[in-house]
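A.B. asks: Numbering (my numbering), first residue to last: 35 to 340.
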């Protein structure tokens, strides 16, 4: 099982800033009012929001996406950055950010709290009632990570009571179903999981899949292998091949994988053995992958069957 790390970093970071801007400038409220025909014209007190410039951004999870968001916020809007991460980050995320010990400390110090951590048993409801209680009444929550990292019941309670200023959510627990209580709160911006939904990102994801698929039959490994222990392939059988010297792991049925080795689709020894393999791909999927691999500029995005 493989994944596509890195290719969705920019798209997700851009969407995070979109949610931040829509919240603090009350853009979602304004659009709903306009579409409903309720706008009565300009007036100085109408939908007054706040500026992002000079505010403090708190980031939960300073990985690829967290760093990209921090760079955009710091260099684009002059925001200070504080963050919480499970391991030390020596360079402060490249923006001089301060690493704090707990999520609650980040919430207490921030005008915006943005979540960019993986969904694991350890991070489930990492933003819960006590952390939300530490936020100021004008602070905002942004989640473009996974729905499970936020306690939605606690978030709804904080929004309804005015304990926080608003929330921008691109992911939800149990999606595509969305908690009706979240839908009913006016000071939210809600999107249907659009974090990586750009043409450029989808093409890059497809090319990463093709790269992994081309490598796997010969090298018995993926360029970007998933380590998600929750994934199990029922009845899957691996082809048994003897690897070449370039694999640095000779022998039949070796299960270690060969990331970083010279082995792959262009390896002559492995290609010779790979021709004898019967790989269980549906013919239409193989054809789509072949079309993608033969189209350097990807003028037409291939459609992969489900």
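For glycine and all other residues, C-beta sits at the position ideal for the given N, C-alpha and C.
Answer yes or no: do residue 165 and residue 123 have a C-beta to C-beta separation smaller than 7 Å?
C.D. replies: no
A.B. asks: Using a Cβ-Cβ cutoff of less than 7 Å, which residues in the same chain neighbour residue 102 once the five nearest sequence positions on both sides are dropped?
C.D. replies: 43, 44 and 47
A.B. asks: Quick one: what does DSSP say residue 154 is sitting in, helix, strand or coil?
C.D. replies: coil
A.B. asks: Give me the residue from 87, 68, 223 and 209 with the minimum Cα distance to residue 80.
C.D. replies: 68
A.B. asks: To the nearest angstrom, report how far apart residue 313 and residue 233 are at their CA atoms.
C.D. replies: Because residue 313 sits at a pLDDT of 43, beneath the cut-off of 50, its placement in the model cannot be relied upon, and the following sentence gives the value as read from the coordinates. Residue 313 and residue 233: Cα-Cα distance of roughly 30 Å.
A.B. asks: Can you give me the C-alpha to C-alpha distance between residue 86 and residue 113, rounded to a whole angstrom?
C.D. replies: 7 Å
A.B. asks: Would you kindly work out how many angstroms separate the C-alpha atoms of residue 119 and residue 149, rounded to a whole number?
C.D. replies: 11 Å
A.B. asks: What residue does the alpha helix (DSSP H) around residue 109 start on, and which one ends it?
C.D. replies: 98-111
A.B. asks: Under the three-state reduction of DSSP, which class applies to residue 93: helix, strand or coil?
C.D. replies: Looking at residue 93 - three-state DSSP - the assignment turns out to be strand.
A.B. asks: Could you please give me the residues that DSSP links to residue 146 through a beta bridge?
C.D. replies: 91 and 174
A.B. asks: My assumption, with CB atoms under 8 Å, is that residue 197 sits in contact with residue 220. Please give the rounded CB distance.
C.D. replies: Actually they are not in contact, since the Cβ atoms of residue 197 and residue 220 sit about 15 Å apart, beyond 8 Å.
A.B. asks: Do you know offhand how far residue 225's Cα is from residue 65's?
C.D. replies: 14 Å
A.B. asks: If we call anything under 7 Å between Cβ atoms a contact, is residue 158 one with residue 182?
C.D. replies: Closer than 7 Å, so yes.
A.B. asks: Report back the beta-carbon spacing between residue 104 and residue 129 to the nearest angstrom; my notes put them in contact at under 8 Å.
C.D. replies: 5 Å
A.B. asks: Measuring alpha carbon to alpha carbon, tell me which of 185, 236, 49 and 223 ends up nearest residue 167.
C.D. replies: 185
A.B. asks: Could you tell me which of 62, 210, 152 and 98 sits nearest to residue 82, measuring between CA atoms?
C.D. replies: Ranking 62, 210, 152 and 98 by Cα distance to residue 82 puts 62 first.
A.B. asks: What would DSSP say about residue 222, mapped onto helix, strand or coil?
C.D. replies: Assignment of residue 222 by DSSP, reduced to helix, strand and coil, places it in the strand class.
A.B. asks: Within 10 angstroms of its Cβ, does residue 202 collect 16 or more other Cβ (buried), or is it exposed?
C.D. replies: It is buried - the Cβ of residue 202 has at least 16 other Cβ atoms within 10 Å.
A.B. asks: From residue 92 to residue 243, what does the alpha carbon distance come to, in whole angstroms?
C.D. replies: A straight line joining the alpha-carbon of residue 92 with that of residue 243 spans about 33 Å.
A.B. asks: Between which two residues does the beta strand (DSSP E) carrying residue 125 extend?
C.D. replies: Segment: none, residue 125 is in no beta strand (DSSP E) and carries neither H nor E.
A.B. asks: Please say whether residue 117 and residue 18 have beta carbons closer to each other than 7 Å?
C.D. replies: The structure shown has nothing for residue 18, since the chain only spans 35 to 340.
A.B. asks: Mapping the DSSP letters down to three states, classify residue 64 as helix, strand or coil.
C.D. replies: DSSP places residue 64 within a helical segment (H, G or I) once states are collapsed to three.
A.B. asks: Could you give the C-beta distance for residue 189 and residue 204, rounded to a whole number, given that I count them as a contact under 8 Å?
C.D. replies: Their Cβ separation, rounded to whole angstroms, is 14 Å, which puts residue 189 and residue 204 out of contact at 8 Å.
A.B. asks: Please report the distance separating the alpha-carbon of residue 245 from that of residue 73.
C.D. replies: 52 Å
A.B. asks: Considering only C-alpha positions, which residue in the set 145, 100 and 70 is nearest to residue 126?
C.D. replies: 100
A.B. asks: So, at 8 Å on beta carbons, what are the nonlocal neighbours of residue 135 in its own chain, with the 5 sequence-adjacent residues on each side left out?
C.D. replies: 118
A.B. asks: Comparing alpha-carbon positions, which option in 199, 192, 187 and 200 lies nearest residue 208?
C.D. replies: 187
A.B. asks: Taking the alpha carbon of residue 145 as the reference point, which residue from 214, 84 and 154 has its own alpha carbon closest?
C.D. replies: 84
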